[in-house]
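First up is the structure itself, then whatever we jot down about it.
Protein chains in written order, with the UniProt record's numbering: chain A, 1 to 526; chain B, 1 to 526.
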């Protein structure tokens, strides 16, 4: 049995309080820096590596982090999770998103259903459906092929799948596997749905309505909005709309839809890219084989997350260093900086993943904790960010730990040598330069041109962003967030913080308001 | 003469240390809350209002903030700025972006050139050029009309113009003033340029190369990348490319371009949307009249920023409340949350504007300051964020001040009544609900469902996002950041923090590396 103990009740918590801080500038300078970059690297799945040379750790701190991992039973808790324990205590649910991408441990059987088989069966059904659409066996009312797929969903039903789609869109075009263009409608702002509908060929579009509960206000509104638009265009909505939902939801087995595909309560929204939620849109866009490759990459990362030795487990190590930075170095934020334009929306996905999972103040038993928990996550692709907010990162008063991601090869492969180097080399030269600039700084007599350095970062390096490496990245961060939640002894799998706003919004729409809410409603003329 | 004094040397700094904190939850509950929402509102330009009822201020704190404004001579410093003082001390430059949108004070004459006339002349030249393109007087090599305009720029030459284009794209379509589709190439990642080129009709595209110095590595690389692609497509680049640069740059008056339009050293990159940088792409996309309306809105906001009474000056008040939160309530971040899908990239622009301007550790004389300066800015449109990172904002351990933006009307005007309300009303109901949820919280016996409240926010409310209100929003935030820089006694108009990375990247590309930099270069196979 594992023990669920508050972080500050652990011996290793006290030990971490007493470790000698590492001076990043000092250790990253000269030959010592070179040695660190060689040494402080962990292989990741799919040929990638997590390099943490520029983090404020050394062998002593790593040893304490290993003790923390052992004492908090982090890998044992992971084992419990994938073997089907009720890890989501608040909602009394299992947490099974990893099972969507492969078997990690025992069979997980709930009410007589083997869950791995259930998830696999949905993927198979979706694969058949997608192949039939691509082959022109499933067609629109006029017997014509569908060319566009539109995801209607919000939060986890939007950010993850959208980030993954954008991450592979150009790779798929280059590799001749872009079967359908995808678009996304998420916001209840009517201009969101209108703009998407104005930009696509509605008569050849398939719409996926994605809501686990089948009751998400924004999504149902947008589904009705689209239904209305289809009718106005003389198109039968039931021939153009799918549902992706739980089997017990009002959207399931509903005549309004061409077909329905299922996830269940054991897949949290922000973890649902691996479930039918991601599978539908990505299989339709790229073909089921590409989705299977994405899952294979994620599964490989899930396997590496089992390793007890933190120096062999990249997501665990990343998690522990993050905890050290958050709780002992007092860094409240983390920037995610992919040097890959294809990952333009990956930071937005990680923002949800991390902040919604670990932005909590109570432990898994509902008791207030006396230490800080999940950080604030933000980020934009480099090199763009360099010409924007990096000023504060380099010279501001607040230190922000940085998570770089870089690839050796581009996706499209179209490149030009200008002044002796390709754009891809320039891109990579910039990320290498930034790590060192942040870590080592540079003295200048003019304080305005002085760089203190000492700003920690890590980098994940891969050969190319493709389905496998993308899947491994997705799982790396999911598992990092999971391990951090275990350290903080919080439930990373519920989101009670989103409820109050929903309740009050309903009251506004029902004109059942008083006090400040009534006046805001008046000001906004609701 | 104004005095440039460090913030912590002011009497009002000490006074702010000693004010009684406001309990947001308490004052925003019940009738007191209703009264605050009515009272704590300042009219903004273009019919908008800045409502700060849910901020942690009261009449006493506001009185001290007024003293701070007077003591730090904030509006006098603004007056110095727009009358042509050398406000950018580090680079010994004037700061004249406001002058692009109208005359605020005296004539500013440099080397015999009246700068307002210079900026106006560029706008007039661009207007004529854009009208000629739209009328088919300026055409491609085959005598055909241009249909697409592509901005090649990075940082301020990208984020601001892109955010403004996206903010008005659907408005322009709806109002039949979308003259050309716009696209943007910014990242040196070759996949960025390749993807844009693959998605447009290159033969009918005009490319604007935007770099004030004419030496920005990423932009010159992408310009060469595009030039190469045009040649491969059998198109003469000089008939498809414009330059937007300073008159002394290598890009100016260059045969490689169809024409060149100019800004000067007194327009910082992140403030350049009002200069030729924004004027070119937006005039080509929407027509010069729309750009003129945008500038009129910004100028109106600049005029309101002159007001000495902080209760009549929304950008000044917003700035001062932000300073109080940053320096005395110790809030290190601020989230920008527009309830408008059209403002999807406006937070990214504000992130640059704020973090690059005020992410500094030295004062305007180059001396280290002993107080924190600019916050970390992030944000996504609501309602999307509600289903993502709002969990942490509601129940996390770190309080994040919130800046909401909302409009009564949508841009496209296409809306549907579903369950008794339009999508626009649902959108607005959500923003009203969130403000109250964050401020007032809600007690629950189950601590996991408990909301402490006390999380401060403000909201800017407008009738509709259109050129005038967008211009006013742009200027509001520019002026807010400017006033905050004045309080902190820093130079908000340079960005020395971006230099070191550039230098090191050049060394990597020249293979002139050692230590950690050499090993990172090896790992990335540069």
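Backbone N, C-alpha and C define an ideal beta-carbon position, used for all residues, glycine too.
Does chain B have any CB closer than 9 Å to the CB of residue 339(A)? yes
Is the Cβ of residue 406(B) closer than 9 Å to any Cβ of chain A? yes
Hey, how far is the Cα of residue 383(A) from the Cα of residue 155(B)? Distance between the alpha carbons of residue 383(A) and residue 155(B) is about 9 Å.
Would you say residue 67(A) lies against chain B (beta-carbon separation less than 9 Å)? Taking Cβ atoms only, chain B never reaches closer than 9 Å to residue 67(A), which makes this a no.
Can you tell me whether residue 507(B) is helix, strand or coil according to DSSP? helix
Residue 338(A) bridges to which residues according to DSSP? 405(A)
Among 435(B), 359(B), 304(B), which one has its Cα closest to the Cα of residue 386(B)? 435(B)
Specify the secondary structure class of residue 321(A) as computed by DSSP and reduced to three states. helix
Our contact map puts residue 538(A) next to residue 152(A) with C-beta atoms below 8 Å; I'd like the distance itself, whole angstroms only. Beyond the ends of chain A as shown, which are 1 and 526, falls residue 538(A); an answer cannot be given.
Within the same chain, show all residues whose beta-carbon is closer than 6 Å to that of residue 307(A), passing over the 5 residues directly before and after it, in chain order. Taking residue 307(A) as the centre and dropping the five residues before and after it, the same chain places the C-beta of 313 closer than 6 Å to its C-beta, in chain order.
Check the Cβ-Cβ distances between residue 447(A) and every residue of chain B, and say whether any is below 9 Å. At least one CB atom of chain B sits nearer than 9 Å to the CB of residue 447(A).
Would residue 329(A) pass as an interface residue toward chain B - the criterion being a Cβ-Cβ separation below 9 Å? Under the Cβ distance rule, residue 329(A) does not count among the residues neighbouring chain B, no pair being separated by less than 9 Å.
Short CB-CB distance (under 9 Å) between residue 489(A) and chain B: No, its Cβ sits nowhere closer than 9 Å to a Cβ of chain B.
Against chain A, with Cβ distances strictly below 9 Å, would residue 568(B) count as a contact? Outside the modelled stretch of chain B, which goes from 1 to 526, sits residue 568(B), for which no answer is possible.
Checking contacts by CB at 9 Å: is residue 309(B) closer than that to chain A? No Cβ of chain A is located within less than 9 Å of the beta carbon of residue 309(B).
So residue 42(B) and residue 53(B) are supposed to be a Cβ contact under 8 Å. How far apart are they, rounded? Wrong, their Cβ atoms sit about 11 Å apart, outside the cutoff.
Coarse secondary structure for residue 56(B), derived from DSSP in three states: coil
Among the residues of its own chain, which have a CB less than 8 Å from the CB of residue 47(B), if the five just before and after it don't count? Taken in chain order, the residues that qualify are 462, 463, 469.
When the distance is taken between beta carbons, is residue 502(B) closer than 9 Å to residue 217(B)? yes
Residue 424(A), DSSP secondary structure in three states: helix
In chain order, what residues of the same chain have a beta carbon less than 8 Å from the beta carbon of residue 533(B), not counting five sequence neighbours either side? The requested residue 533(B) is not part of the displayed model; chain B covers only 1 to 526.
Residues of the segment 238-269 of chain B whose Cβ lies closer than 9 Å to any Cβ of chain A, in chain order: 269
For the segment 224-237 of chain A against the segment 164-179 of chain A, are there 3 or more C-beta pairs whose distance is under 8 Å? no
Could you tell me the distance, in whole angstroms, from the CA atom of residue 82(B) to the CA atom of residue 76(B)? 10 Å
Bridge partners - residue 109(A), DSSP secondary structure assignment: 114(A)
Close Cβ partners of residue 399(B) (< 7 Å) along its chain, the five nearest in sequence each way excluded: Listed in chain order, the non-local C-beta contacts of residue 399(B) below 7 Å within the same chain comprise 331, 455, local neighbours out to five positions each way being set aside.
Using 9 Å as the threshold, is the C-beta distance between residue 187(B) and residue 447(A) below it? no
Are any of the Cβ atoms in chain A nearer than 9 Å to that of residue 222(B)? It does; some Cβ of chain A falls within 9 Å.
What number of angstroms, rounded off, separates the C-alpha of residue 4(B) from the C-alpha of residue 95(B)? Spanning the two alpha carbons is a distance of roughly 16 Å.
Residue 167(B) by DSSP, collapsed to three states: which one? Note: residue 167(B) maps to helix in three-state DSSP.
DSSP three-state assignment for residue 412(B), whether helix, strand or coil: Here residue 412(B) sits in coil by DSSP.
So which residues on chain A does residue 421(B) lean against when the C-beta distance must stay under 7 Å? 509
Proximity test, Cβ basis, 9 Å: residue 208(A) and chain B: no
Residue 415(B): contacting residues in chain A (beta-carbon distance under 7 Å): 190
Answer yes or no: does any C-beta atom of chain A fall closer than 9 Å to that of residue 36(B)? yes
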